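Be aware that the sequence shown starts at 81, since it is given in my numbering, and climbs by one per residue.
The beta-carbon is built from N, C-alpha and C at its ideal position, and this holds for glycine as well.
Everything numeric in this text was worked out from a predicted model, so none of it was measured.
Scroll down for the structure; my scribbles are underneath it.
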Amino acid sequence: MVTFYALAPKPANAVFRIPSSVLENGTALDLLRHFNAQNHITQGQFDAKSLALRLVVPDDKLVSFYITSFTRSDGNYGTLTSASFNSARPSSTTRAKRTRESELMPPPPLPAQVRRSAYVPRSRAPVRTYFARDPPLATYRFRRYVPVRNGGQLEFELAPDWESILISTDWEDGRNKAKAGEPFHETGYIGSGSAKQVVYARLGDVEYALGQSLDLDLPGDRHHDMLAEELRNLDFGEGMRKEFCELANELKIPLPDFRFNLEGAILGRLDSLENSANPLPHGEFLATRLLPCGRANQPIQKFTGNDDCGPPPSDNITTVLHAFSHFIAVYTNKDTILCDLQGMADRQNVMVLIDPQMHTSEPNRENRMYWDNGPTAIKKFIEHHLEVCSENSVCTRFGMQTLRYSCGDTDDTDDIRPSTPPPRTGNVRDRSSFSRSPVQRKKQKPAPLRFGNSDSLLTVEAFLKLNDASRIS
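Okay, structure coming up:
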């Protein structure tokens, strides 16, 4: 309920309630006349048309309101400001404060309006994908091998669907430049190792490093076995990394980020080698995600050797990877060692390990890959590491010299520690969460002994025939 009162000078500052009957239908001039008739105002106020009103509202119903305009009886417009009122007469300070507040209050919002703009939006260029390299490319059809778990072993089945991959065609030109010591990073040639060559490839918007054997005379089935075993090494290394990092988290040991270059790897078989001016030497390939390998990027960093751990570590990541090698020996009970650990940082500065090799406990040389030097190499690798294991801070924090893993219900944990280890409580863990069955490899025909360089390899038989021919002439 809202009640209006008039503040009149007669008697002094008297307040009179205005009946609602006067307020319902009259104008502001009618109200002025009513006050004059009741002698609530002076004749001068009446002549000046000056009237002071006070609006009284109960505290619980007090709100801010707007009266934007009213029409006077003479047809002219007058204005009132918004205000909040109390039932008691405010002091002069309060009136001044309310006046300032009313002046700061915004006007009522305008109704929603929709207008037409003459602005013409700029055309946006399509999003462009930038590649690390842009050599000439040829399209190859291929089918990928799908990995299938068979116990602890990774097997591969050829998928029925065909896909397309772009492969560089100037890799041979780049290889010749690299041999001559000339810049080659603008070509599709990425590099070569002792047994494999890597060239640039692209699948959709993803860049790859596509690897094949340097041995041009290697039979197709042998080449497939080699590439498949390399992919198994990556898979095994990544599984062991997860176990290693899980234990580190449990022991609250901080580790730098590292991983194996397994995600997105493709083992594939090409449809044809005849659609390129410079065809690839083999029909199958192993492609892994391309890492930064431009002229300005850091070269591949070597962390362990093939026969031993290499020199004592001088940085954090090498210290961790030496401890990681020790962990694999402990976890597998000396059945397997990953060696030749090397890699480079990706664009997120995470160390990515590539092309690891492996020594296994397989006693028969014919059943091992060319890089696998068997139980003797495992023993040598471990003994070399144990010479400096106590100086490895990560090995010490893991308690690596007393750490043991049991497999199932058996306790086949041999000692992997010096003859006089430091006294401490045993540390036996279960390794059932990640299992790789004892190495069961497909029996392979041993590689023939070859002579010559990687561009011109001769078998022993061909070499002897060549010598016989030279003697005859």
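What residue from the options has the CA that sits closest to residue i's CA?
i	options	result
L418	F407, Q428, M424	F407
S441	Q118, V432, T456, N313	T456
V430	A376, P372, T412, Q481	P372
F338	S473, Y485, L433	L433
L283	T219, I333, R477, K259	T219
K276	T267, L217, P361	P361
V226	L217, R213, D214, W242	W242
S394	A376, V468, N413, L327	V468
G291	D253, L131, P263, Y269	Y269
Q437	M480, F340, P392, P359	F340
T267	Q428, P216, N447	P216
P392	E471, E330, S405	E471
S405	Q233, A239, Q481, G261	Q481
V278	R302, A260, D250	D250
N377	H265, H303, R204	H265
Where DSSP assigns a beta bridge to residue i, which residues make up the other side?
i	result
H439	I417
S555	Here the chain covers residues 81 to 553 and nothing more, so residue 555 does not appear.
E310	Answer by DSSP bridge pairing: none, since E310 is not bridged.
R202	DSSP output for R202 lists no bridge partner at all.
N230	Q233
Q381	G423
Just curious, the alpha helix (DSSP H) that residue i is in, first and last residue?
i	result
I408	396-411
R237	The sequence given here has Glu at residue 237, not Arg. Segment 233-238 is the beta strand (DSSP E) holding E237; no alpha helix (DSSP H) there.
E252	251-259
V474	473-478
R113	108-117
Q123	123-127
I458	454-466
Starting from residue i, trace the beta strand (DSSP E) in both directions and tell me its first and last residue.
i	result
Q292	286-293
F340	338-340
A425	422-425
A572	The shown model of the chain, from 81 to 553, leaves out residue 572, and the question about it has no answer.
A281	276-283
R349	346-350
Y485	483-486
M431	431-434
I270	269-272
Looking at residue j and residue i, is the spacing between their C-beta atoms short of 8 Å?
i	j	result
S248	Y280	yes
H465	N453	no
C475	A403	yes
E309	M449	yes
V228	F236	yes
S347	G363	Strictly speaking, residue 347 in this sequence is Leu, with Ser absent from that position. The answer is no: Cβ separation not under 8 Å.
D285	T209	yes
F211	E287	yes
A345	L311	yes
V410	P336	no
K129	L112	yes
F611	N119	Nothing about residue 611 can be reported from this structure: the residues present for the chain run from 81 to 553 only.
R445	P263	no
D315	L342	yes
Between the segment 377-387 and the segment 420-437, do at least 3 Cβ pairs fall closer than 8 Å? yes
Any 3 or more C-beta pairs closer than 8 Å across the segment 361-374 and the segment 458-465: no
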